[in-house]
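K.L.:
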Amino acid sequence: MDFPEQDVDIFGELEGQDNHGDGARQSSSSSSSSSSSSRSSSNGSDGGETSSGGSASASGSASGSSSEGEDNGEEVEKKVHGYEERDLFGSDSDEKDLFGSDNEDYCKTLATSPFPVPVLPAIRNTNNQNRGNFGRGRWQNDRGAGILPRPGPYPQRHNYGYGSKFNNRHDERFVSELKLTKSEETLSRKCIAFQEPCELACYSRVEGGDVHFDDRSLRLFKRLITEDVGADLNEGYDTFIEKKDLGSEGFGDLLAAIRNRNIPLGNIHFVTFRNNLNKILATAYIRNEPWEMGVHKRNGVVYLDVHKLPERPKSDLDRRRCYWGYCFESLATEDPRRADGEGIHHVDANAEYCSVIKTKLGAHRILMGAEMDCCDSTDDGRRFYVELKTSRELDYHTEERYEREKLLKFWIQSFLAGVPYIVIGFRDDGGRLVRTERLRTKDITQRVKMKNYWQGGVCLAFADEVLCWLYGTVKENEDYILQFAPPFNRLELLQAQSCPDAISNHVQQL
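Basically this note's numbering = 1-based index in the sequence shown + 756.
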C-alpha cells in the first residue's frame, strides 16, 4: 500500500470548485480571506453570514521543522499545489490581521448576532390533496380539539417522555442554550474558511505512563499491510492492557507540552483536544449521541476539557471488539521489537503519540492536541500522518449507515488535524481481518456528495456557530459544562463549581 507524494494534499487544487459545500474554499491570496473574515467579525460572528475565501485544509505534512519559524509569530508563506496561503496567526504580519494585534474585536464577540442567517420556510406537504388534509396532524382543519381523548390506552405524555431530568430551565446551574433550529440548507449557505493545520509541538506517553516531549511513541506505517489479510485480531488479547481514564490529567500533559515549547497563547481563543471538536462538528448530523465537556475561560482563552460520560459495564465481547482496533494498529505499523512472523502480544493502549496543532476555523484560533496512530513519508522525506480504523465488513444493509455516520466521523477526525490518509481494516464477526482499504480524506466528501448524506461545509458552519455562541457567552474566570443531552434539540451551558487543577496550575505557570 504505497503513498505517492502527489497524493498527500488532502484537498487538491480544485477543491474549492468541486467541493463548494465542504467549506474548503481556496483563495488567491490571504488578503481576501482577511477582508471577508473581518466582515464576519463585525457582524458578531454568530448568525451572520461568515463568507470567507480562505484556504481550507491541511496538507497533512505535520513535520516539526515546518513549524519552527511560526513559533515566533513570523508570517510564513506556503505554496501548496500552485496557490499561496499565508499564515493568519502571525502578530507581526505586514497585512492587517483578522482582529488586530490586540485581539479586542474577537473578545467582544456577541453570543447572538444582530444579522442572523435567514432560515428557510418549511416546505408544505402537498400530498393527498383530495383528502382535505384530514388526519394530517392534530386539528389542522380548524375543527377544534374535539371531545375524544388521545387514541390508544397510553396516557398523555409530558416533556416527550424525558421528565424533568433534562428540563434544565429549572436547573439552578442553567446559564444559556443554543437551540438547533437552523436547517442543513441554511448552514450550507455559510462558507467557513479552515486554515491549514500546523504542528507546533508533540509529546509521547510510553508504557508505564511517563510523558516525554518528543516523538518516541510515533509508529511507522507498514505499507505491506495487505499481506496480513486473514490475520486473527484476537491474538494477544489475554495480555491486553486497557486504556486508563486519565481525566483532566491527560489535559495537563497537553498543557505541559504547550509550556515546554513556549507557545504563546495571547492570540489563541480555544485550547482543546481534537475529541471535543469531533463531537461538536458531528452534532450537525448525529443528534442521538449525548456528550459533555468542561469550559473554563482564563486570560481570554477558553479551555475545553474532555468529560467522559458514564457507560454501562463492558461485556467480554465489548472489550474484545475494542482490542481488535488496537491489534489492527499493531499489525499496520512497524515494530522493531517484533520479529518477522512473530504474533501480536503485549498491546498497551496507554502508549500514545500526540501532536499539538494550531489551526483556524472561521475566526476562531484553535490550539489542539490530536493523538496520531502512525506516520509515513513521501519520496522526498516529507512526513505525514495516517489514521488507522477498523470496521465490520459491509453488506447491503450496513453500507448506508457506514457512509452516513462512520465516514462522517472518520472525515471530521482526519480533516481537523490535516491527516491525508485513512487505512481501514474490515473484519468479520469473529475478529478476522478480511480486507483493507485506503481512503484519501479529500475523497470521502465526494463519495457521499452524490448520495446527499452529509456535507463537510455544514459541519464547519455548525461548529462556527457553536464556538461564536460559546465564546460570547462564557465569562472570564468562570467555569461551565457544555452538554448535549436528550431530547437532543439544543446545546446547554451549565455553571460548574470548580476548575480542574491541571488548568489552574497551567495558568499560574504561564
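C-beta atoms are modelled at their ideal positions from N, C-alpha and C, and glycine is treated no differently. Everything numeric in this text was worked out from a predicted model, so none of it was measured.
In three-state DSSP terms, what is K1145?
P.N.:
Here the question's residue 1145 lines up with position 389 in the sequence shown. Note: K1145 maps to strand in three-state DSSP.
K.L.:
Applying the 10 Å Cβ sphere with the 16-neighbour rule, what's the burial state of Y1152?
P.N.:
Within the sequence shown, numbered from 1, the residue matching residue 1152 stands at position 396. With fewer than 16 other Cβ atoms within 10 Å, it is exposed.
K.L.:
State the start and end residues of the unbroken beta strand (DSSP E) segment that holds Q1211.
P.N.:
Sequence index remark: in the sequence shown, residue 1211 carries index 455 (1-based). Premise fails: Q1211 is in no beta strand (DSSP E) and is neither H nor E.
K.L.:
Can the beta-carbon of A1105 be found closer than 8 Å to that of F977?
P.N.:
Taking the sequence shown and counting its residues from 1, the one referred to as residue 1105 is at position 349. Taking the sequence shown and counting its residues from 1, the one referred to as residue 977 is at position 221. Against a cut-off of 8 Å, the Cβ pair of F977 and A1105 comes out as no contact.
K.L.:
Considering just the uninterrupted stretch of the beta strand (DSSP E) at S960, what are its terminal residues?
P.N.:
Along the sequence shown, read from residue 1 onward, the residue named residue 960 stands at position 204. Where S960 is concerned, the enclosing beta strand (DSSP E) stretches over 954–961.
K.L.:
Whole angstroms is fine: what's the gap from L1037's alpha carbon to L1117's?
P.N.:
In the sequence shown, residue 1037 corresponds to position 281, counting from 1. In the sequence shown, residue 1117 corresponds to position 361, counting from 1. When rounded, the distance between both Cα atoms is 11 Å.
K.L.:
Return the residue from the list F930, V1027, V1051, E940 that minimises the CA-CA distance to D1009.
P.N.:
Position 253 of the sequence shown, counted from the start, is the residue given in the question as residue 1009. Nearest option by C-alpha distance: V1027.
K.L.:
If you draw a straight line from the alpha carbon of G1228 to that of A1119, how long is it in whole angstroms?
P.N.:
As a position in the sequence shown, residue 1228 is number 472, starting the count at 1. As a position in the sequence shown, residue 1119 is number 363, starting the count at 1. In a straight line, the C-alpha of G1228 is about 13 Å away from that of A1119.
K.L.:
Quick one: what does DSSP say E1161 is sitting in, helix, strand or coil?
P.N.:
By 1-based counting over the sequence shown, the position of residue 1161 is 405. Note: E1161 maps to helix in three-state DSSP.
K.L.:
Any contact of the segment 953–964 with the segment 1002–1021, i.e. 3+ C-beta pairs under 8 Å?
P.N.:
Yes, the segment 953–964 is in contact with the segment 1002–1021.
K.L.:
How long is the line joining the alpha carbons of D1235 and E1248, rounded to whole angstroms?
P.N.:
In the sequence shown, the residue the question calls residue 1235 occupies position 479. In the sequence shown, the residue the question calls residue 1248 occupies position 492. Those two C-alpha atoms are separated by around 14 Å.
K.L.:
Could you check the C-alpha separation between E1067 and G1137 for me, to the nearest Å?
P.N.:
In the sequence shown, counting from the first residue as 1, residue 1067 sits at position 311. In the sequence shown, counting from the first residue as 1, residue 1137 sits at position 381. Near 43 Å, if we compare the C-alpha coordinates of G1137 and E1067.
K.L.:
DSSP has S1004 in a bridge; who is on the other side?
P.N.:
Position 248 of the sequence shown, counted from the first residue, corresponds to residue 1004. Per DSSP, none; premise fails for S1004.
K.L.:
Excluding five sequence neighbours on each side, which residues of the same chain lie with their C-beta closer than 8 Å to the C-beta of V1190?
P.N.:
As a working note, residue 1190 is residue 434 in the sequence shown. If we look at V1190 and ignore the five residues flanking it on each side, its Cβ neighbours are V985, G986, E1149, F1182, R1183, D1184.
K.L.:
Enumerate, from N- to C-terminal direction, the unbroken alpha helix (DSSP H) stretches of 4 or more residues contained entirely within the segment 1020–1070.
P.N.:
Listed in chain order, the complete alpha helix (DSSP H) runs (minimum 4 residues) inside the segment 1020–1070 are 1030–1038.
K.L.:
In or out: T982 buried (at least 16 other Cβ within 10 Å) or exposed?
P.N.:
Counted from its first residue, the sequence shown places residue 982 at position 226. Result: exposed.
K.L.:
What would DSSP say about S932, mapped onto helix, strand or coil?
P.N.:
In the sequence shown, the residue the question calls residue 932 occupies position 176. Strand at S932.
K.L.:
Determine, using beta-carbon pairs with one atom in the segment 1155–1162 and one in the segment 925–943, whether at least three such pairs fall under 8 Å.
P.N.:
Output reads no: the segment 925–943 does not touch the segment 1155–1162.
K.L.:
Would DSSP call C1130 helix, strand or coil?
P.N.:
By one-based count along the sequence shown, residue 1130 stands at place 374. Strand.
K.L.:
According to DSSP, K1116 sits in a beta bridge with which residue or residues?
P.N.:
In the sequence shown, counting from the first residue as 1, residue 1116 sits at position 360. According to DSSP, K1116 bridges with R1121.
K.L.:
Do F969 and A1013 have their C-beta atoms within less than 8 Å of each other?
P.N.:
As a position in the sequence shown, residue 969 is number 213, starting the count at 1. As a position in the sequence shown, residue 1013 is number 257, starting the count at 1. In contact: F969 and A1013 (Cβ atoms closer than 8 Å).
K.L.:
State the CB to CB distance for the pair S1004 and D1061, rounded to an integer number of angstroms; the pair is presumed to be in contact (CB under 8 Å).
P.N.:
One-based indexing of the sequence shown puts residue 1004 at position 248. One-based indexing of the sequence shown puts residue 1061 at position 305. At roughly 6 Å, the Cβ-Cβ gap stays under 8 Å, so S1004 and D1061 are in contact.
K.L.:
What distance in whole Å lies between the Cβ atoms of E1127 and Y1109, which are believed to be in contact at a cut-off of 8 Å?
P.N.:
By 1-based counting over the sequence shown, the position of residue 1109 is 353. By 1-based counting over the sequence shown, the position of residue 1127 is 371. Right, their Cβ atoms sit about 7 Å apart.
K.L.:
Pull up the distance between the alpha-carbon of F1244 and that of M1049, whole angstroms please.
P.N.:
Within the sequence shown, the letter at position 488 stands for residue 1244. Within the sequence shown, the letter at position 293 stands for residue 1049. C-alpha separation (whole angstroms): 16 Å.
K.L.:
Since L976 is in the alpha helix (DSSP H), which residue starts that stretch and which ends it?
P.N.:
Along the sequence shown, read from residue 1 onward, the residue named residue 976 stands at position 220. L976 -> no alpha helix (DSSP H), and no H or E assigned at all.
K.L.:
Taking 8 Å as the cut-off, decide whether the C-beta atoms of E1085 and L1144 are in contact.
P.N.:
By one-based count along the sequence shown, residue 1085 stands at place 329. By one-based count along the sequence shown, residue 1144 stands at place 388. Yes, they are a contact pair.
K.L.:
Could you give the uninterrupted runs of the alpha helix (DSSP H) lying entirely in the segment 1211–1253, keeping only those of 4 residues or more?
P.N.:
Runs of the alpha helix (DSSP H) inside the segment 1211–1253: 1212–1229.
K.L.:
Pull the bridge partners of I997 from the DSSP assignment, please.
P.N.:
As a first step, residue 997 is located in the sequence shown; it is residue number 241 there, counting from the start. For I997, which the question treats as bridged, DSSP gives the partners D1104.
K.L.:
Please classify K938 as buried or exposed, where buried requires at least 16 neighbouring CB atoms within 10 angstroms.
P.N.:
As a position in the sequence shown, residue 938 is number 182, starting the count at 1. The residue is buried, with at least 16 neighbouring Cβ atoms inside 10 Å.
K.L.:
Out of P1256, H1262, L936, R1077, which one is the CA nearest neighbour of K1218?
P.N.:
The residue you call residue 1218 lines up with position 462 of the sequence shown. It is Phe, not Lys, that sits at residue 1218 in the sequence shown. Of P1256, H1262, L936, R1077, the residue nearest in Cα terms is L936.
K.L.:
Should T995 and H1102 be called a contact, given that it needs their Cβ atoms to be closer than 8 Å?
P.N.:
Within the sequence shown, the letter at position 239 stands for residue 995. Within the sequence shown, the letter at position 346 stands for residue 1102. Cβ atoms of T995 and H1102: closer than 8 Å.
K.L.:
In this structure, does DSSP put D1072 in helix, strand or coil?
P.N.:
Position 316 of the sequence shown, counting from 1, holds the residue named residue 1072. D1072 falls in the helix class under three-state DSSP.
K.L.:
Rounded to whole angstroms, what is the Cα-Cα separation between C1224 and V1051?
P.N.:
Residue mapping note: residue 1224 aligns to position 468 of the sequence shown, counting from 1. Residue mapping note: residue 1051 aligns to position 295 of the sequence shown, counting from 1. If I take the Cα positions, the gap works out to 14 Å.
K.L.:
If you draw a straight line from the alpha carbon of P953 to that of R1121, how long is it in whole angstroms?
P.N.:
Translated into the one-based positions of the sequence shown, residue 953 becomes position 197. Translated into the one-based positions of the sequence shown, residue 1121 becomes position 365. Approximately 11 Å, taken between the alpha carbons.
K.L.:
For the putative contact between R1246 and C1130, defined by C-beta atoms under 8 Å, what is the C-beta separation to the nearest angstrom?
P.N.:
Position 490 of the sequence shown, counted from the first residue, corresponds to residue 1246. Position 374 of the sequence shown, counted from the first residue, corresponds to residue 1130. That pair is no contact at about 39 Å.
K.L.:
Since I believe Q1251 is in contact with R1054 (beta carbons under 8 Å), could you give me their beta-carbon distance rounded to a whole number of angstroms?
P.N.:
As a position in the sequence shown, residue 1054 is number 298, starting the count at 1. As a position in the sequence shown, residue 1251 is number 495, starting the count at 1. Actually they do not touch by this definition, with Cβ atoms about 16 Å apart.
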